[in-house]
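So the sequences go chain by chain: C and V. Note that the first sequence ends on residue 404 in the working numbering; no numbers are left out. Note that the second sequence ends on residue 543 in the working numbering; no numbers are left out. Ideal Cβ placement from N, Cα and C applies to all residues, glycine included. This report concerns only the one structure given below.
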Amino acid sequence: MKSLIYLDNNATTPVDPRVLEAMLPYFREKFGNAASRTHQFGWEAEKAVDLAREQVAALINASAKEIIWTSGATESNNIAVKGVAQMYKDKGRHIITQVTEHKAVLDPAKYLETQGFEVTFLPVDRTGRVDVNQFREAIRADTILVSIMMANNEIGTIQPIAEIGAVCKEKGVIFHTDATQAFGKVPIDVKAMGIDLLSCSGHKVYGPKGVGALYVRRKGPRVRCEPILHGGGHERGMRSGTLNVPGIVGFGKAAEIAGQEMQAESARQARLRDRLWAGLSEHLDEIYRNGHTVHCLPNTLNVSFAYVEGEALMMGFSNIAVSSGSACTSASLEPSYVLKALEVADELAHSSIRFSLGRFNTAAEIEQTIDQVAATVRRLREMSPLYEMAKEGVDIKGVDWSRI
Amino acid sequence: MAYSDKVIDHYNNPRNIGSLDKNNPRVGTGIVGAPECGDVMKLQIQVDDDGCIVDAKFKTFGCGSAIASSSLATEWIKGKTLDEALEIKNTDIVRELALPPVKIHCSVLAEDAIRAAIQDLKRKQANAPATAGAQVARG
């Protein structure tokens, strides 16, 4: 039995043992409600929540008062996009985002279109980046919000956030960024980058699931959001509901560890990621890297293996956990919309695998992954009619597949 | 999604992988699907003088269920006459491999591949020069 290798850290990460240790007392003896102002139990919980606020704020150069706790990045994105739109709709009804955003931004944006807002979905180049000049030209007098992710979950491409932030400041438009994947992996400075709202999540950074945060700028400008959840006015009125104290404590601890270890850990993961790409390239021809090779998260590698299908590939190395841009399991049979936006051909999107490394991966695991993936690709190519046709010199793109 | 044991078995030990000479008058070739849809199956049959399928080969670009469906199809059609092979329905493949609803299109493609290969063979035999045709017919 081969050991299990987890290379799907952009989907979720295991809770770091240090994080779990920090959380445990808040399930047991320190179980208080952080909103209870009348006794020791509440005070203790509030103190822990305030510490976590500082820990998360420190990682993005914000102040603790600017952190709103949520259930995760999906909720943070919803509050940011819909909450800002509702709050500022008298000023204008135009919003700008881009096509490779996570669904947690795209779907709220599409919802707003049904509510009388107009949304511009900017295209990206073949590496997945937005063009800053094109972005500047898209801003109108009635633009109230820009939402551009910091780094993409499928391909790892990092957007020119500081440049976009500078344009937003110049034009006086509120700037939200979904930093779910970037948080804890690359340095973030909301002040230097001109970010007004930022979404992040605990479980992507070795914290627990079910907890996230939204940074909301308090001055220069003071940003306000209509709440989505009403009831009690917690979190500066932007997010009511009893706080998930153990989760928040864990998220805080996870942010603190990420801050301490980011520099060394990101460099280590980038080395392993680069070794993975080099190793696969040594063994296999006609493999293509999707995304940007420089402006990329240190842990992410998205590869298309021509002539073989992603789901079949994953079946061949079932002890290695990865994900695919293939849509063979979805009813639509449409491959990844992110790869489509990069103008990756559909057949190469079906052939794509995302490897996302994490804190607990080792060099030995990467070597084993290279060997197993290469062996599976070779085996499947031997049974691929497309590979056979390509080797015979048939131009696959020139075939009329409806007529054969 | 978990795969059935039979899908895993066909994926790990595919039956009849390979290619037959597509120029052989007794070989019929069916290629169905499209790369941009994530599935392409090539299925080939070879018949004897009696029109009985003596050999079948496949190559498939697609998911594990697509590979298993085409592998099973080649296994089933061997030894059958063309008419018998045409009786194989995609639902038989679904049942045998316990395919979930999202994978039914894999079985449809396998049925289409069988039909395409038989059609190709019949077209070839109809167009064949008299001598070659006679040779086949003489059986």
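Open item on the list: Quick check on leucine 284 (chain C) - is its C-beta less than 8 Å from some C-beta in chain V?
Closed with: no
Task: Contact set for glutamate 226 (chain C): own chain, Cβ-Cβ below 6 Å, skip 5 residues either direction - done: Gly83, Gln86 and Met87
Open item on the list: Spatial neighbours of leucine 513 (chain V) within its chain, please: C-beta separation below 6 Å, excluding the five flanking residues on both sides.
Closed with: Val436, Gly437, Asp443 and Met445
Open item on the list: Is glycine 468 (chain V) close to chain C? Criterion is C-beta to C-beta, closer than 8 Å.
Closed with: yes
Task: Proximity to threonine 369 (chain C) [Cα-Cα], best of C:Leu272, C:Tyr307, C:Gly259 and C:Pro14 - done: C:Leu272
- [ ] Name the two residues that bound the continuous alpha helix (DSSP H) containing tyrosine 111 (chain C).
- [x] 103-113
Open item on the list: 8 Å is my cut-off, CB to CB: does valine 216 (chain C) come that close to chain V?
Closed with: no
Task: At least 3 beta-carbon pairs within less than 8 Å: the stretch 183-190 of chain C vs the stretch 133-141 of chain C - done: no
Task: Contact the stretch 264-271 of chain C vs the stretch 303-313 of chain C: 3+ CB pairs below 8 Å - done: no
Task: Backbone secondary structure at aspartate 487 (chain V) - three-state DSSP - done: helix
Open item on the list: By the three-class DSSP mapping on this structure, what secondary structure does arginine 225 (chain C) have?
Closed with: Just to set this straight, residue 225 (chain C) is cysteine in the shown sequence, not arginine. Coil.
Open item on the list: Which same chain residues end up closer than 7 Å to glutamate 163 (chain C) when comparing Cβ atoms and leaving out the 5 residues on each side of it in sequence?
Closed with: Val132
Open item on the list: Strictly under 8 Å for the Cβ-Cβ distance: is histidine 350 (chain C) near chain A by that measure?
Closed with: In the structure shown, chain A does not exist; the protein chains are C and V.
Open item on the list: Let me check understanding here. Comparing Cα to Cα, which of V:Ser408, V:Pro418 and V:Glu440 lies closest to aspartate 400 (chain C)?
Closed with: V:Glu440
TODO: Tell me, please, whether the CB atom of isoleucine 548 (chain V) is closer than 8 Å to any CB atom in chain C?
DONE: As shown, chain V starts at 405 and ends at 543. That puts residue 548 (chain V) outside it, with no answer to give.
- [ ] Could you tell me the boundaries of the alpha helix (DSSP H) in which leucine 214 (chain C) lies?
- [x] Per DSSP, leucine 214 (chain C) belongs to no alpha helix (DSSP H); it is in the beta strand (DSSP E), 212-216.
Task: Whole beta strand (DSSP E) elements within the stretch 308-373 of chain C, 3-residue minimum - done: 352-356
Open item on the list: Please return the same chain residues whose Cβ sits closer than 7 Å to the Cβ of tryptophan 480 (chain V), not counting the five positions on each side in sequence.
Closed with: Ile492
Open item on the list: At the 8 Å Cβ level, is serine 511 (chain V) part of the contact set with chain C, yes or no?
Closed with: no
- [ ] Kindly list the residues whose CB is nearer than 7 Å to the CB of isoleucine 317 (chain C), restricted to its own chain and excluding five residues on each side of it in sequence; keep chain order.
- [x] Reading off the sequence shown, one finds phenylalanine at residue 317 (chain C), where the question assumed isoleucine. Gln372, Val373 and Thr376.
TODO: Determine which residues share a DSSP beta bridge with methionine 23 (chain C) and list them.
DONE: Answer by DSSP bridge pairing: none, since methionine 23 (chain C) is not bridged.
- [ ] Starting from leucine 51 (chain C), follow the beta strand (DSSP E) in both directions and report where the run begins and ends.
- [x] Looking at the DSSP string, leucine 51 (chain C) is not in any beta strand (DSSP E); the run it does join, the alpha helix (DSSP H), is 40-59.
- [ ] Classify serine 475 (chain V) as buried or exposed, calling it buried when 16 or more other Cβ atoms lie within 10 Å of its own Cβ.
- [x] buried
- [ ] Under 7 Å Cβ to Cβ from alanine 64 (chain C), same chain only, skipping five residues before and after it: list those, please.
- [x] Asp50, Arg53, Glu54 and Ala57
TODO: Return the residue from the list V:Ala470, V:Ser511, V:Asp516 and V:Gly468 that minimises the CA-CA distance to arginine 499 (chain V).
DONE: V:Ser511
Task: Contact with chain V by glutamate 343 (chain C), beta-carbon distance below 8 Å - done: no
Open item on the list: Quick check: the stretch 422-437 of chain V against the stretch 341-349 of chain C, are at least 3 beta-carbon pairs closer than 8 Å?
Closed with: no
Open item on the list: With a threshold of 8 Å between beta-carbons, can aspartate 346 (chain C) be considered close to chain V, or not?
Closed with: yes
Open item on the list: Do glycine 247 (chain C) and valine 211 (chain C) have their beta-carbon atoms positioned less than 8 Å apart in this structure?
Closed with: yes
Task: Cβ neighbour criterion (16 or more within 10 Å) applied to lysine 507 (chain V) - done: buried
Task: DSSP bridge partner residues for serine 199 (chain C) (one or two, in chain order) - done: C:Asp178 and C:Leu214
Task: Start-to-end residues for the beta strand (DSSP E) that takes in glycine 247 (chain C) - done: Careful: glycine 247 (chain C) lies outside any beta strand (DSSP E), inside the alpha helix (DSSP H) at 245-283.
Task: Beta-carbon proximity check, glutamate 66 (chain C) vs valine 216 (chain C), cutoff 8 Å - done: yes
Task: Neighbouring residues, chain V, relative to tyrosine 337 (chain C) (Cβ below 8 Å) - done: What tyrosine 337 (chain C) touches in chain V: nothing, since even the nearest Cβ is about 14 Å away.
TODO: Classify threonine 535 (chain V) as buried or exposed, calling it buried when 16 or more other Cβ atoms lie within 10 Å of its own Cβ.
DONE: The predicted position of threonine 535 (chain V) is uncertain, since its pLDDT is 48 and thus under 50; a value taken from the coordinates is nonetheless stated next. Threonine 535 (chain V) is exposed by the Cβ-count criterion.
Open item on the list: Check whether the stretch 190-204 of chain C and the stretch 172-181 of chain C touch, using three or more Cβ-Cβ pairs below 8 Å as the test.
Closed with: yes
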